[in-house]
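Position one of the sequence shown corresponds to residue 101 (my numbering), numbered consecutively onward.
Cβ atoms here follow ideal geometry from the backbone N, Cα and C, with glycine treated the same way.
Quick caveat: nothing in here was measured; it's all calculated off a predicted structure.
Worksheet for the structure shown next.
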Amino acid sequence: MASPLTASRLLQALRDEGVRVAEVDGWRDHNRNHVGRWGPVNGVMLHHTVTGPGTDVVGLIYRGHSALPGPLATGCITKDGVVHLTANGRANHAGGGDGDVLNAVVGESYGDRPPATHEHDGSDGAVDGNARFYGWECENRGDGRDPWPRVQYVAMVKATAAVCRAHGWGHRSAIGHLEWSDWKVDPRGIDMTDFRRDLAACLALPAAQWEGDDDMALTDDDVRKVADAVVAKLLAGGGVLENSDLDRVWGRDVIPAARPPFHNDDYFEADGKTVKNPTWTAKYTQQTQIEGIRETLTRVKELQAVLAALDPAALEAALVARINGLTATVTVTDPQEN
Ligand SMILES: [Zn+2]
């Protein structure tokens with residue numbers, strides 16, 4: 101049983117966690133506490149907004165719409181990773197859900213996933229989630245294709261960690277809307293088990309230390325996009341690399357050139373001092389190496405031919421004749437004493 105954080109405590113917790121926070125005017129007194137309970141609180145719920153560019157998504161979460169009055173969440177986490185505080189108290193985000201899921205969250209007594217939900221808003225056995233969960237509405241089309249920018253995802257983990265840390269909760273106190281209501285699919289494109297693993301990593305560190313996992317899991321949609329791009333490139337270019345790619349790499353005139361006398365007649369101007377051509381392209385460097393190897397092979401072959409033509413007996417006879425012709429005179433002088 102936990103009492104809700106005050107507005108100031110929530111704001112401080114977010115700031116302590118290193119989250120970029122924006123306060124929407126009036127958020128401290130904005131809630132749905134007049135129509136239902138707020139608290140005891142037991143967890144944090146993640147959502148997607150089903151909005152694209154050009155929507156005043158923060159205004160939407162603050163005000164709500166004709167069918168659903170605002171606030172629609174505690175805060176709205178936009179794609180740029182800013183947490184816009186829109187409510188202090190009960191908000192219209194969770195609706196009815198499964199009491200077994202609530203119990204599993206309260207006890208943090210499940211493994212990777214809470215028990216499957218069999219309830220939704222208005223169903224006979226549904227319990228009120230708006231009283232029990234803080235809510236983050238996260239800007240995303242929710243179509244399964246709209247990406248979750250890393251900066252936004254990190255903000256979602258950290259904002260959730262801020263609330264959990266302030267209450268002393270663990271990572272199992274965070275669930276996705278789809279884990280609460282069997283009508284819902286949000287936050288689409290995020291695997292809540294992965295999210296909770298990152299949340300656990302964040303909570304294991306002091307506040308504001310976690311900056312995200314570099315090898316953050318790609319969503320299935322990300323993987324599909326990469327695969328599609330590779331196939332498109334293969335089909336369009338006839339290969340992974342097109343000639344233009346090869347030229348870009350092999351044609352860059354940046355490799356230090358060999359200095360004379362090695363294969364570089366135009367290294368200097370005619371004066372032999374002023375540097376004229378000090379760099380080569382990779383293509384030319386490679387060509388020069390091949391020419392050098394060919395030249396070396398030619399000379400080795402010539403040397404082999406000379407060695408093969410040698411007659412050891414003739415060599416020995418010539419050597420003996422030379423030695424016999426030598427006259428040596430050795431003069432020995434007594435050393436002087438000093
Ligand atoms: Zn939702």
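Residue i: first and last residue of the uninterrupted alpha helix (DSSP H) it sits in
i, result
"valine 251", "250-267"
"threonine 293", "292-304"
"alanine 417", "412-424"
"alanine 107", "107-116"
"glycine 159", "157-163"
Backbone CA spacing between residue i and residue j [nearest angstrom]
i, j, result
"glutamate 219", "aspartate 286", "15 Å"
"isoleucine 290", "arginine 296", "11 Å"
"glutamine 389", "proline 247", "47 Å"
"leucine 202", "arginine 288", "21 Å"
"alanine 231", "valine 326", "41 Å"
"glutamate 369", "valine 375", "6 Å"
"tyrosine 384", "leucine 397", "20 Å"
"glycine 351", "arginine 324", "33 Å"
"asparagine 142", "glutamate 311", "25 Å"
"glycine 268", "threonine 155", "35 Å"
"isoleucine 355", "arginine 348", "14 Å"
"arginine 120", "leucine 110", "13 Å"
"tryptophan 236", "arginine 265", "16 Å"
"threonine 186", "glycine 118", "19 Å"
"valine 183", "leucine 334", "41 Å"
Cβ distance (whole Å) where residue i is taken to contact residue j below 8 Å
i, j, result
"alanine 113", "valine 263", "7 Å"
"alanine 307", "aspartate 116", "5 Å"
"histidine 259", "leucine 299", "Correcting the residue identity first, residue 259 is alanine in this sequence and not histidine. Not confirmed; about 10 Å, so no contact."
"valine 158", "glycine 242", "The Cβ separation is near 17 Å, so there is no contact."
For residue i, the three-state DSSP class (helix, strand or coil)
i, result
"aspartate 345", "helix"
"glutamate 369", "coil"
"alanine 336", "helix"
"valine 119", "coil"
"glutamate 279", "helix"
"tryptophan 76", "The structure shown does not extend to residue 76, since the chain is modelled only from 101 through 438, so no value can be given for it."
Boundaries of the beta strand (DSSP E) in which residue i is found, first to last residue
i, result
"leucine 146", "143-148"
"threonine 431", "Per DSSP, threonine 431 belongs to no beta strand (DSSP E) and is neither H nor E."
"alanine 274", "274-276"
"glycine 126", "Careful: glycine 126 lies outside any beta strand (DSSP E) and carries neither H nor E."
"glycine 175", "175-177"
"valine 354", "353-356"
Near ligand 2: residue i beta-carbon under 7 Å from a heavy atom
i, result
"histidine 165", "Within the structure as shown, ligand 2 is missing, the only ligands being ligand 1."
Beta carbon proximity, residue i to chain C, threshold 8 Å
i, result
"glutamine 386", "This model lacks chain C altogether; it includes just one protein chain."
Next item on the list: Run through the region 180-232 for me and flag every whole alpha helix (DSSP H) of 4 or more residues, listed as ranges in chain order.
Entry: 199-207
Notebook entry, point to check: Residue ranges of each beta strand (DSSP E) run of no fewer than 3 residues wholly in the region 373-410, ordered along the chain?
Noted result: 379-381
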